[in-house]
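Novice:
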Amino acid sequence: MECLDMTKVEEILQAYPHDETSLIMVLQDIHDTFNYLPCDALKRVAQELNVPLAKVFSVTTFYKAFSLNPKGKKVIRVCLGTACHIRGGEEITQEFERQLGVLRSQTTKDQEFTLETVNCVGACAMAPVVVVNEEYHRNVTAIKVKDILKGEKNED
Amino acid sequence: MKINSFDDYQNLRKQLLVLQPLEQKKVLVCCGTGCRAGGSLEIAHKIEEDLKAKGIGSSVELVVKKPGCQGMCEKGPLVWFMPQGIFYCSVKMKDVPEIVEKTIAKGEIIERLLYKDSETKERISHHDSIPFIARQNRLVLRNMGVIDPMDIKDYIRAGGYETLLDILDKKRDPDSIIEEIEKSGLRGRGGGGFLTGRKWKACKKAQGNRYVLCNGDEGDPGAFMDRSIMEGDPHGVLEGMILGAYSLCAKEGYIYVRHEYPLAVKHLSHAIQEAKEYGLLGENIAGSSFSFEIHINRGGGAFVCGESSALMRSLEGKVGEPRAKYIHATDKGLFDSPTVLNNVETWANVPLILQKGAKWFTEIGTPKSPGTKVFSLVGKVKNTGLIEVAMGTTLREVIFGIGGGIIGDRQFKAVQTGGPSGGCLPASHLDTPVDFDTLTQAGSMMGSGGMIVMDDRTCMVDVARYFTQFLIQESCGKCLPCREGLPQLHYFLKEIVEGRGKEEYLPKIEELAQVLQDSSLCGLGSTSANPVMSTLRYFREEYLLHILEKRCPAGVCKALTSFTINEKCTGCGACLRVCPVEAIIGQKREKHEILQAKCIQCGSCYSVCKFDAITIGKRS
Ligand SMILES: Cc1cc2nc3c(=O)[nH]c(=O)nc-3n(C[C@H](O)[C@H](O)[C@H](O)COP(=O)(O)O)c2cc1C
Ligand code: SF4
Ligand code: FES
Numbered sequence: 002m003e004c005l006d007m008t009k010v011e012e013i014l015q016a017y018p019h020d021e022t023s024l025i026m027v028l029q030d031i032h033d034t035f036n037y038l039p040c041d042a043l044k045r046v047a048q049e050l051n052v053p054l055a056k057v058f059s060v061t062t063f064y065k066a067f068s069l070n071p072k073g074k075k076v077i078r079v080c081l082g083t084a085c086h087i088r089g090g091e092e093i094t095q096e097f098e099r100q101l102g103v104l105r106s107q108t109t110k111d112q113e114f115t116l117e118t119v120n121c122v123g124a125c126a127m128a129p130v131v132v133v134n135e136e137y138h139r140n141v142t143a144i145k146v147k148d149i150l151k152g153e154k155n156e157d
Numbered sequence: 289m290k291i292n293s294f295d296d297y298q299n300l301r302k303q304l305l306v307l308q309p310l311e312q313k314k315v316l317v318c319c320g321t322g323c324r325a326g327g328s329l330e331i332a333h334k335i336e337e338d339l340k341a342k343g344i345g346s347s348v349e350l351v352v353k354k355p356g357c358q359g360m361c362e363k364g365p366l367v368w369f370m371p372q373g374i375f376y377c378s379v380k381m382k383d384v385p386e387i388v389e390k391t392i393a394k395g396e397i398i399e400r401l402l403y404k405d406s407e408t409k410e411r412i413s414h415h416d417s418i419p420f421i422a423r424q425n426r427l428v429l430r431n432m433g434v435i436d437p438m439d440i441k442d443y444i445r446a447g448g449y450e451t452l453l454d455i456l457d458k459k460r461d462p463d464s465i466i467e468e469i470e471k472s473g474l475r476g477r478g479g480g481g482f483l484t485g486r487k488w489k490a491c492k493k494a495q496g497n498r499y500v501l502c503n504g505d506e507g508d509p510g511a512f513m514d515r516s517i518m519e520g521d522p523h524g525v526l527e528g529m530i531l532g533a534y535s536l537c538a539k540e541g542y543i544y545v546r547h548e549y550p551l552a553v554k555h556l557s558h559a560i561q562e563a564k565e566y567g568l569l570g571e572n573i574a575g576s577s578f579s580f581e582i583h584i585n586r587g588g589g590a591f592v593c594g595e596s597s598a599l600m601r602s603l604e605g606k607v608g609e610p611r612a613k614y615i616h617a618t619d620k621g622l623f624d625s626p627t628v629l630n631n632v633e634t635w636a637n638v639p640l641i642l643q644k645g646a647k648w649f650t651e652i653g654t655p656k657s658p659g660t661k662v663f664s665l666v667g668k669v670k671n672t673g674l675i676e677v678a679m680g681t682t683l684r685e686v687i688f689g690i691g692g693g694i695i696g697d698r699q700f701k702a703v704q705t706g707g708p709s710g711g712c713l714p715a716s717h718l719d720t721p722v723d724f725d726t727l728t729q730a731g732s733m734m735g736s737g738g739m740i741v742m743d744d745r746t747c748m749v750d751v752a753r754y755f756t757q758f759l760i761q762e763s764c765g766k767c768l769p770c771r772e773g774l775p776q777l778h779y780f781l782k783e784i785v786e787g788r789g790k791e792e793y794l795p796k797i798e799e800l801a802q803v804l805q806d807s808s809l810c811g812l813g814s815t816s817a818n819p820v821m822s823t824l825r826y827f828r829e830e831y832l833l834h835i836l837e838k839r840c841p842a843g844v845c846k847a848l849t850s851f852t853i854n855e856k857c858t859g860c861g862a863c864l865r866v867c868p869v870e871a872i873i874g875q876k877r878e879k880h881e882i883l884q885a886k887c888i889q890c891g892s893c894y895s896v897c898k899f900d901a902i903t904i905g906k907r908s
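Those protein sequence lines, which keep their order, are chains A and B. For the first sequence, this note's numbering assigns the number 2 to the initial residue and increments by one for each residue that follows. For the second sequence, this note's numbering assigns the number 289 to the initial residue and increments by one for each residue that follows.
#1: Where DSSP assigns a beta bridge to Gly673(B), which residues make up the other side?
#2: Near His558(B), which residues of its chain fall below 6 angstroms by C-beta distance, leaving aside the five closest residues on each side in sequence?
#3: May I ask you to check if the CB of Gly507(B) is nearer than 7 angstroms to at least one heavy atom of ligand 1?
#4: For ligand 2, is there a heavy atom less than 7 angstroms away from the beta-carbon of Leu812(B)?
#5: Would Ser59(A) pass as an interface residue toward chain B - the criterion being a Cβ-Cβ separation below 8 angstroms?
#6: What do you reckon, is the C-beta of Thr118(A) under 7 angstroms from a heavy atom of ligand 3?
#7: Tell me, to the nearest whole angstrom, how far the beta carbon of Gly364(B) is from that of Gly322(B); I am working on the premise that it is less than 8 angstroms.
#8: Less than 7 angstroms separating the Cβ of Leu629(B) from some heavy atom of ligand 4?
#9: Using the rule of at least 16 other Cβ atoms within 10 Å of the residue's Cβ for burial, across every protein chain shown, is Arg445(B) buried or exposed?
#10: So what does DSSP say about Cys916(B), is it helix, strand or coil?
#11: Counting along the chain, where does the alpha helix (DSSP H) carrying Leu465(B) start and finish?
#12: With a threshold of 6 angstroms on Cβ separation, who are the neighbours of Lys380(B) within its own chain once the five nearest residues in sequence on each side are excluded?
#13: DSSP state of Gly504(B), grouped into three classes?
#14: Which residues in the same chain as Lys471(B) place their Cβ atom closer than 6 angstroms to its Cβ, once the five residues preceding and following it in sequence are excluded?
#15: Here's a check: name, in chain order, each residue in its chain whose Cβ is nearer than 7 angstroms to the Cβ of Tyr37(A), leaving out the five neighbours to either side.
#16: Taking Gly322(B) as the query, report the chain A residues whose CB atoms sit under 8 angstroms from its CB, ordered along the chain.
#17: Short of 8 angstroms in beta carbon distance, which residues of its chain neighbour Gly905(B), apart from the five on each side in sequence? Order them along the chain.
#18: How is Val866(B) classed by DSSP in three states: helix, strand or coil?
#19: Classify Phe512(B) as helix, strand or coil using the three-state DSSP reduction.
#20: Identify the continuous beta strand (DSSP E) that holds Thr852(B) and give its terminal residues.
#21: Just tell me which of Arg515(B), Phe375(B), Ile374(B), Gln308(B) has its CA closest to the CA of Val122(A).
#22: Along chain B, which residues have their Cβ under 9 angstroms away from the Cβ of Thr83(A)?
#23: Using a cut-off of 8 angstroms between C-beta atoms, extract the partners of Lys234(A) located in chain B.
#24: For Ala325(B) and chain A, any beta-carbon pair shorter than 8 angstroms?
#25: With a threshold of 16 other CB atoms inside 10 Å of the CB of Lys856(B), please say whether the residue is buried or exposed.
#26: For chain A, is any of its Cβ atoms less than 8 angstroms away from the one on Gly673(B)?
#27: Note down, in chain order, every chain B residue with its Cβ under 7 angstroms from the Cβ of Ser23(A).
#28: What do you reckon, is the C-beta of Gly621(B) under 7 angstroms from a heavy atom of ligand 1?
#29: Can the beta-carbon of Gly575(B) be found closer than 8 angstroms to that of Ser814(B)?
#30: May I ask which residues mark the beginning and end of the beta strand (DSSP E) holding Tyr542(B)?
#31: Cutting at 7 angstroms between CB atoms, please list the residues of its own chain near Ala84(A), excluding the five before and the five after it.
#32: Cys361(B) versus chain A: which residues are under 7 angstroms apart at the beta carbon?
#33: Looking only at its own chain, which residues have a Cβ that is under 6 angstroms from the Cβ of Cys770(B), when we skip the five neighbours before and after it?
#34: What does a CB cutoff of less than 7 angstroms around Val10(A) pick up in its chain, not counting 5 residues either side in sequence?
#35: Could you tell me if the beta carbon of Cys80(A) falls within a distance shorter than 7 angstroms of some heavy atom in ligand 3?
#36: Name, please, each residue of chain A whose Cβ falls closer than 7 angstroms to the Cβ of Arg515(B).
Next up, the structure:
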């Protein structure tokens, strides 16, 4: 595990008023920076914002935007919102599980891919939708899953 | 450049219109989410490059714009040419040179890129003649897909902020504005349909630092109206909020944007920045004594945070748990101060109503639900996308008139509105007018505007199970009925879809639904049984088939379904190519076969077969 760059955490903390109201925003910025919430960073946040650590954990586990585990280089988000569900989102999720050999909300051993499901990414007209990092794939079918993964692997 | 008076504003607008008149040649490349996914940003850049390379931009006065969603997401990427109104669908990078040479330089139409009507098979050359567009009533969406959301000048050119400046100039009595909104009968577009004017009045009565909030959490799966408006016309939302703040004498406001919508955050932040530069936000707006700030907060990704009291807790940096309803947000909301929370679309209606008057507004829609409603029309419908219709329009007109009917002309089965709090209405309800009260009476809900069309390949028991599972994940767990009741409800439904259902489960489900409705603390729990109850009400037969015959007629519930190939098979091989587990075998032009041991019942083969050669059967 890499050593945590605490100066980045300090920078983020500098940008907000030091009280509880800043908690979620600070955590979001830390999450954006590290792609997860490192434990040491949470301790520092609790101290600086004067919020009990238990409360910090309660917030981080309540909101889906936060992950306490490091994520893979590429995050695959399969939409399981209603529009995607009825157009076969579940099948696509299962195909990703088969292809990657992990279950949803897990990360591959090589830390390459994290498979997640989301409830609607707001692109329902193109259901079913898969988002890899920031890139949207529209009208995905089970058979297209292999192509998406191949495309992602080739980019490296 | 600061605007300090109404005169300033008018002069600025005149200047802007001289620099870029409304009839100026424009190429509008839709950059809503759908078209972006199809590569519209690259297309826009390529058009700009080609124009430069060919020197066309200098000979023909012309601008290329990247507006927000134009609505016809299904047919994207979309390109719209003004002022002629020529409209192209499914544009690809390789089409760009031809578009530049023919359409832009010479005004020639490229037939193959025109919209093709699925019924008449005719090509339609002009945007406004496409039934999908012509049958709508686009008021809130008037600027969508036309103006550049990243340029305040475009909004001003279209007449934006005029209402605000006029009101500030006349020093209009803030209470008279609340009066006007109340008279218009505007009801909240976030789902509940609460009278906006009445809410504002209650808040105005309370003493303290008032807050004005915008709910951009849009948690309903299958809905993207608010996202599109925030991305495509952010100043419309800001102007509404500023007007609301003026009438409520509020100094601060927040927009709570869903975690999954980074582009909306970007466009809104930019819009706030620009509005400040023009003196339309911040201290002493347009030289008046009225000051107002707007902050943006990103949501944490919790559906329950769309609920009013949970949203406010989240803004305070806390866990988003709702609180009991007897405390009104208009008295004690954000930071225990009087607060008005309205939905994105509600705010976007405000400038329109104040510009054109309450009377104008009441003449649209129905007496009890005036105005229009924006919907995201999705699911198994031909023309999916973003639409706006007058309240009272029938479901049939929306789904068949605008939506063009069901994909592959299959059987319409149900339409789902209201998200996880709503319900599914069957074909016998197609002539139901869409308004707050009628939909509630029918056992569904208006909700925030997601409209999901389902065909005979959708299993209604599975849909009920799906929503229940969604709500289990999203329940905050604060109160017992919702925390414990939903998993129990899910248990019954799961047993049914997996073939272990018993008939006596149905009355138990109904009893549980009643408990959830009566005793949950917030709207999430109290409406959570609606999807189950509405499907039980209209599709009881289908439940019974699952329970008694162990059969899923839609072929969705895997434990009850098998796919086989019948005599109609021509051996075209389409199914063989899409099967993800290679369970299909067969020689070309000979009847194929599905190896049942390998088949995972995904139904891919069924979806691609053009010869009706796949039979959905019972699992043996
Ligand atoms: C569980 C739950 C989720 C909600 N989600 C949203 C939402 O995503 N967007 C929204 O505008 N309103 C949502 N609401 C409704 C809000 O509580 C509130 O009524 C609304 O934002 C008020 O604005 P309006 O009067 O303009 O509709 C939700 C309500 C509940 C109970
Ligand atoms: S009804 Fe559900 S979401 Fe609402 S307060 Fe109770 S547990 Fe939380
Ligand atoms: S349901 Fe998948 S994008 Fe909305």
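Each residue gets a CB set at the ideal place from its N, CA and C atoms; glycine is no exception.
Specialist: Put simply:
#1: Leu665(B)
#2: Met438
#3: yes
#4: yes
#5: yes
#6: no
#7: 5 angstroms
#8: Ligands displayed in this structure: ligand 1, ligand 2 and ligand 3; ligand 4 is not among them.
#9: buried
#10: An answer regarding residue 916(B) cannot be provided, because it is not within the stretch 289 to 908 covered by chain B.
#11: Correcting the residue type first, residue 465(B) is Ile in the shown sequence and not Leu. Where Ile465(B) is concerned, the enclosing alpha helix (DSSP H) stretches over 462 to 472.
#12: none
#13: strand
#14: Ala646
#15: Ser68, Leu69, Asn70, Pro71, Lys72
#16: Ala124, Ala126, Met127, Arg139
#17: Thr849, Ser850, Phe851, Thr852
#18: helix
#19: coil
#20: 849 to 853
#21: Arg515(B)
#22: Asp508, Pro509, Gly510, Ala511, Val666, Gly667, Gln704, Gly707, Pro708, Gly738, Ile740, Val751, Tyr754, Phe755, Phe758
#23: In this structure chain A extends from 2 to 157, so residue 234(A) is not present and cannot be described.
#24: yes
#25: exposed
#26: yes
#27: Gly605
#28: no
#29: no
#30: 540 to 545
#31: Cys125, Ala128
#32: Ala126, Met127
#33: Ser763, Ser808, Gly813
#34: Ile31, Ala42, Arg45
#35: yes
#36: Gly123
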